[in-house]
Amino acid sequence: MKLERIQARAFGHFENFDSGAAQLGDLNVVVGPNESGKTTFFHLLHSIIFGLYPAAKDQHPYTPWSGRDLDVEAAVRLDNGEEWAIQRKLGGSPTARLTRNGSVENLRNQTLACANHVTRDVFRQVFALTLAEVASLESQTWSEIQDRLIGGMGARDLVPARSVAEALETEAQRLWRSTRRGTQEIRVLRERIRNAKAARSEALEADRILRESMRELEQAEEALRATRVERERQRLLIERITQLLPIRERLDQVARLEAEAGPPGTLDGLPADPSAERHRLVTDIATLQDHIKKTQVEAEEPQARAESFSSDQQALLDAHREIEEIHAAVAAAGPVSARLSTLEHEIRDRQRRITSDSSRIFERALTPQEEAALRTLAVRDLHDRVRDAAAARDRVRDHAVHATLGGALPQPSPRALGVGLVAGVAAAVLLLASPPWARGLGVVLALAASIALARWWTLRQAHRDGAAGKDAGPDAGARLTRQAEEATAVVRDFCSGLPLRSDVLAEAGSEFVTTLTRLQELLEEFDTRAVEMDEAKATLERIDERLTELGHRLEVELPPTREAAIHVLQTRLREAERAQEASSGASAELARLTHREAEFEEELASRTQTLQTLDQQLRALGGEDVEANLGIAVRMRRAGEKATELRADLEQSHPNLGDLIDRLAELDDLEEDQAGDDTLAEAKISVEELSDRIETLAGQVRDLRNTYDRAAERATADQIDGEIDALESEVRRLEREHDRKIVLAHAVREADHRFREDHQPDVVRRASSYLASITDNRYDRIMVGDSGEFYVRRSCDGAALAAGAGGATGPPGVREPTEVTEGTGVTEGTGVAGFTGAAGTARTTVAADDLSTGAREQLYLAMRLAIMSHLDHDRERLPVFIDEALVNWDGARRGRGFQLLLELSRTRQVFVMTCHEPWAEELAGVGANRVGLT
Amino acid sequence: MRFLHAADVHLDSPCSSRSETVRQRLRDASRLAFQRLVDLSLSERVDAVLIAGDLFDDERLSFQTERFLLEQLHRLDSEGIPVVYATGNHDPGREGLRSLELPWPDNVTVARDRAPVRIAIEGPNNESGTPEPRGVVTAAGHESAAETGDLSAVFPTPGGRLAEIAVLHTQVVDSPGSAAHQSYAPSQLDALRTSGHDYWALGHVHKRSVLCDHPGIHYPGNLQGRTHGERGAKGCLLVDVQPGRPPDVEFKKLAPIQWEDLDVHDSSDAKTLDALLEMIAEGWDDVTGGETETEWIGRIRISGATPLWRELSQDDDQNHLSDELAYRLGLLDLTLEFGSLYPVVRPDEHRAREDVLGQTLRLVRDVSSGQASLSGLSPGQLIGLDEPERFDEYVRELLGDADAEILARMRKRVAEGR
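Just so you know, the sequences run in chain order P and S.
Everything in the first sequence is counted per our numbering, starting at 3 for the first residue and increasing by one.
Everything in the second sequence is counted per our numbering, starting at 3 for the first residue and increasing by one.
Structure (structure tokens):
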């Protein structure tokens, strides 16, 4: 890759910078004083190749102070001759455009594809050499470069092997390391195991203590129990002496009194005070006898009153309901009597009207049989026959009229028929087919046609009827007359049971039928009222009969009218009720007195019996002298009461009297009832000692229980063993994991080592040739130690050899190049691990740190140039930037350095930055293109 | 004769767990299992309870557990159920050891030395008022913790008409699972089979196994699993033996806690932690059969290729997954182990690369196959190496599945999670 033209419209303090229309050279010297922008120039080129980073305008270090967007542009020619134009800008976001072969691509902020084989970091570290950087290529830096370099050979997707190994070792060291530095899981676990094992011993000891404590506890509890028994015995003794013996005396007194009171039950049934009780009984008996006599006298008066109520009054009371019923019936008979009068009047009225109507159509008054026939006459049927007879008579009369009027009517005209028909047809046509104006005419014509046709039809019929009458002649009149007579005969027959007048029959019409119908209705009304009147009469008769019968039965003489009779009965009934009420009160009083007398009698019997029993009980205590026995009973009772009182006192003062009596019994067995005050004092002392002993033992038991409880709470050996097992298992697992990581780390390192051995010499050999060229073979070989440190082989003059400068031997592990690079004069090394010293008598090995600053810079420049060649071998060769890197070199070596750069620029574009005008001229002298910065 | 056959109760045996709570639960579970054994004896009204050694675990028997044990045995005593207990290598009967010191109830016969003890087992009184004989139990115990002789060899030959049962803590040579146990008091299967006993109630092997159906020669396994090595249902055997006939043997699960493992070798289909969780949950259901009455202690090992290899190497994600799994699976305890986790890559495709990665993969392959060694590595650097002479073998073990990890660590795209 060759940068042919560079433009910066805005980049740092570059504003509209342009390297010029003429192409930049293979070797370029950028000249300018300090602060003129040489570093900015390098970053400008770097940004063209790799993009603008940071990709935010406000963070980019080369954003112009004016605030303009960064804007750079470059023309590039690739190694294959292809021309690219790149423009990059950074405003709100980075943009980039690549123009090649006439097409434009959006690069965004990506690295140019032709530079992808070198990362930005590597480019900055290897391809950009400043004075400060070229003076040292520290071991770590070198290692990183090696990792990238070696790891990148054919595979850019790998993590550096050194990093992988270190990560594994770090992980392993987190588990365990030989020193105690930092937290190590395995050491932590082992510490826990140690603690657990210590705890196990404690647990076994705790178990031993537990068992021992339990044995001691059982012994202490047994001793405590025994001591308590002894103390109880002593207490019993004291109790006996101080408490039980007085109780015994009182119990003895109770026993004596109980003996005086006699066997239990002796006085059972006797009153508390037999004498007073006996006197009370005698007095009660006399009083009761007096009460009985008084009650008997008192009962005589109510007895008389009760007997004053008669049987007749009782009969009246028994008929009480019947009287009330009759009273109700008499009250209800009033309307019946009134109705009876009304019925009699209506019956007379109907008889009069029947007689009147009958006289109109009958020859005489009807007999009962004829009335019965009239009641059953079917007037509706008669009405039809009467109507037929009237019609027949009408036809006879009509015949006579027609015969008189025949031929007076005009003949039906055919013309009228024709006019009518024509008018009708015309009207139909007009109505069906004509327009609206003709419909009115059609209607008119239709009316005219209808009238003409109706007249024609009427006249035609009239002539036909008249013709018919004429055609019948005199025979027809006779026939009609005969028919009329026959119809009249039918009516007569129908009313055959009735004495109809003949004139009425000859002209029988609707009036005749109406009269018959009204007669039938009057007869029905007559019959209905007659029945009702009979029923009213029967009702009144039944009331009268019941009154009469009741009066006879109760033997009460009753007045003739119903109302007066029932009044008498009711009055007598009320009198009977009053008499009954008076008698009833007397009976109740009598019953009360009788009951009272009975009670007195019963009480008297009871008292008498009690007195007899009491006397018998008293006699049972001694002789027949009741009075004397009364004194004995009183004494016995007092003794018993005293015994009971004493026992109650004892029970009250000694609620546990039963237990005390039992203890007295036990004491009787001990036969120590003769114990005196000395024994009491000894017993009290003994109890005190025993109590102290018990207190001590109880405390001991408590302590032992606490000890037991505490020991029982502790983890047991099996629990701790389980934890130890688990921890040891975990330790074994982690140890194995540690070892696995260590072995893997070793494997990676060893593979890496072998790989470096196979591939690293290429770079070192090339660097050696560069160094030999710069130093004119003063230093002809570079060697790398195991840790990445550098050594160089130096040709020595005799004095140096004699002084042994740099030492004849180097540290182990230094590797040397294995081949000779043509034209460089470097001698082939051994190519095996381990430093074997200089090859030849005039060479010695010097560590890089022991070189002069200039020589060290030459060493690292040579290494960097070799690395560059290695990195883009067979790829696009990227330009190199050297910023004052040769400042510490002597003139001869600088000149050879310039020659080397000139040589290098044939395959790679070189930019040398300097503020030293002479050097710029020197470079220009060897063909470098000059770029001036101000 | 109907009896319960149990062994290897290991009361107060250390329970390996880093959680104190879990250790306590396991300790309680061991007691609860024994209590269930006693409950079962009472509910089944068995004629005897036979314990074939290792009732407790060396001198660890704590005072509290000792009291518990005696209390439970007293329950059997109060119901008249005899207990025959033959000592084992973990509870030998030599003088001065715990089995001798315990105040055993009257119903317990302890066979604590090599001389066989014969106990007549009787049932309830018959109509004539005398106890009905049910069988004869012969038992011998371990005197020391390292019995080397064949204790079964001195058992007397049975000759009666009653069922003959032998109780012994022994390792039958070449029996299934015996390799996991130290060979104490070894006995020969043929000798047991031809001894004339109707049933051999054995102990020592913690895995339940049937060595012979007729005569019955059974290991009931231990009563409660204590480690991940003792997986599966644990309990005792309910045995009904009639002279000369194959015994009826029924396993009765007693352990309230069960251990199970689940290995997830290939989780390459699980693209997210949730998907992995689901995959594991399904696998765990297959292991437990969906049983819910048992408490479970699970060990789940995740290894191999997984797209989640990076997440699963982070403590936070590991803890998250562990918490989620413990909750989702309802486990009493979960040990989540991560073996070698690596992305879904194929190391063989990279072994031929001409760069450091290829060089490393080839070197690992050569070291693993014994064709090369790591020159800078010495036994002193490996803290887990107990026997220096095993150095090369140990290194090869460690490099067993290193290819994928190396690839994951060295490739940028993978290492950076892209």
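Where is the CB? At the ideal position from N, CA and C, for every residue including glycine.
Check	Outcome
State buried or exposed for Leu-449(P), treating a residue as buried only when at least 16 other CB atoms are found within 10 Å of its CB.	exposed
Determine, for Ser-371(S), whether the minimum Cβ-Cβ distance to residues of chain P falls below 8 Å.	no
Among Asn-931(P), Trp-891(P), Tyr-862(P), which one has its Cα closest to the Cα of Gln-127(P)?	Tyr-862(P)
Here's the rule I'm using: 16 or more other beta-carbon atoms within 10 Å means buried, otherwise exposed. How should Ala-122(S) be labelled?	exposed
Determine the extent of the alpha helix (DSSP H) in which Ile-325(P) is found, giving its start and end residues.	322-363
Which residues in chain S have a C-beta closer than 7 Å to the C-beta of Arg-742(P)? List them in chain order.	Leu-400
Of all the CB atoms in chain P, is at least one closer than 8 Å to the CB of Phe-65(S)?	yes
I need the straight-line Cα distance from Ala-804(P) to Asp-885(P), nearest angstrom please.	No answer about Ala-804(P) holds up, because its pLDDT of 40 lies below 50 and its placement is not dependable.
For Glu-187(P), which residues of its own chain have a beta-carbon under 7 Å away from its beta-carbon, when the five flanking residues on both sides are left out?	Arg-176, Leu-177, Leu-736
Compile a chain-ordered list of the residues in the segment 919-936 of chain P whose CB is closer than 9 Å to at least one CB of chain S.	none
Considering only C-alpha positions, which residue in the set Ile-545(P), Ala-200(P), Ala-308(P) is nearest to Asp-329(P)?	Per the sequence shown, residue 329(P) should be read as His rather than Asp. Closest option to His-329(P), Cα to Cα, is Ile-545(P).
List, in order along the chain, the chain S residues whose C-beta lies closer than 8 Å to that of Gln-721(P)?	Pro-16, Cys-17, Glu-22, Arg-25, Gln-26, Arg-29
Beta carbons nearer than 8 Å to chain S: which residues of the segment 743-755 of chain P have them?	Ile-744, Val-745, Leu-746, His-748, Ala-749, Val-750, Arg-751, Glu-752, Ala-753, Asp-754
With a threshold of 16 other CB atoms inside 10 Å of the CB of Asn-224(S), please say whether the residue is buried or exposed.	buried
Rounded to a whole number of angstroms, what is the C-alpha to C-alpha distance between Leu-57(S) and Ala-257(S)?	15 Å
Relative to the C-alpha of Thr-229(S), which residue among Leu-746(P), Ala-868(P), Ser-731(P), Glu-739(P) is closest?	Ser-731(P)
Does the segment 348-358 of chain S come close enough to the segment 368-378 of chain S to have 3 or more Cβ pairs within less than 8 Å?	no
Could you check whether the Cβ of Pro-813(P) sits closer than 8 Å to any Cβ belonging to chain S?	No answer about Pro-813(P) holds up, because its pLDDT of 43 lies below 50 and its placement is not dependable.
Buried or exposed, going by whether 16 or more other CB atoms sit within 10 Å of the CB of Asn-91(S)?	buried
Could you tell me whether any Cβ in chain P is nearer than 8 Å to the Cβ of Gln-361(S)?	yes
How is Arg-179(P) classed by DSSP in three states: helix, strand or coil?	coil
Output needed for Gly-246(S): all residues of its chain with C-beta closer than 8 Å, excluding positions within five of it in sequence on either side, in chain order.	Asp-200
Strictly by DSSP, which residues pair up with Ile-385(S)?	According to DSSP, Ile-385(S) bridges with nothing at all.
Give the straight-line distance between the Cα atoms of Glu-690(P) and Leu-104(S), rounded to the nearest whole angstrom.	40 Å
Identify whether Ser-452(P) lies in helix, strand or coil by the three-state DSSP scheme.	helix
Say yes only if the C-beta of Thr-541(P) is nearer than 7 Å to one or more non-hydrogen atoms of the ligand NAP, and no if none qualify.	No copy of the ligand NAP occurs in the structure displayed, which carries no ligand at all.
Could you check if Arg-258(P) is buried or exposed, using at least 16 other CB atoms within 10 Å of its CB as the buried criterion?	exposed
Would you please verify whether the beta carbon of Phe-757(P) is less than 8 Å from any beta carbon of chain S?	yes
Ends of the alpha helix (DSSP H) at Tyr-221(S)?	No alpha helix (DSSP H) contains Tyr-221(S), which is instead part of the beta strand (DSSP E) from 218-221.
State the Cα-Cα distance for the pair Ser-21(P) and Ser-270(S), rounded to the nearest angstrom.	59 Å
From the DSSP output, in three-state form, read off Ala-308(P) for me.	helix
Tell me whether Lys-236(S) is buried or exposed, calling it buried when 16 or more other Cβ atoms sit within 10 Å of its Cβ.	buried
With a threshold of 8 Å between beta carbons, is Leu-72(S) in contact with chain P?	no
For Val-166(P), go through chain S and note every residue whose CB falls closer than 7 Å to its CB, in chain order.	Arg-411, Met-412
Using a 10 Å radius around the Cβ and a threshold of 16 neighbouring Cβ atoms, would you call Gln-611(P) buried or exposed?	exposed
For Ala-456(P) and Asp-495(P), I'd like the C-alpha separation in whole angstroms.	46 Å
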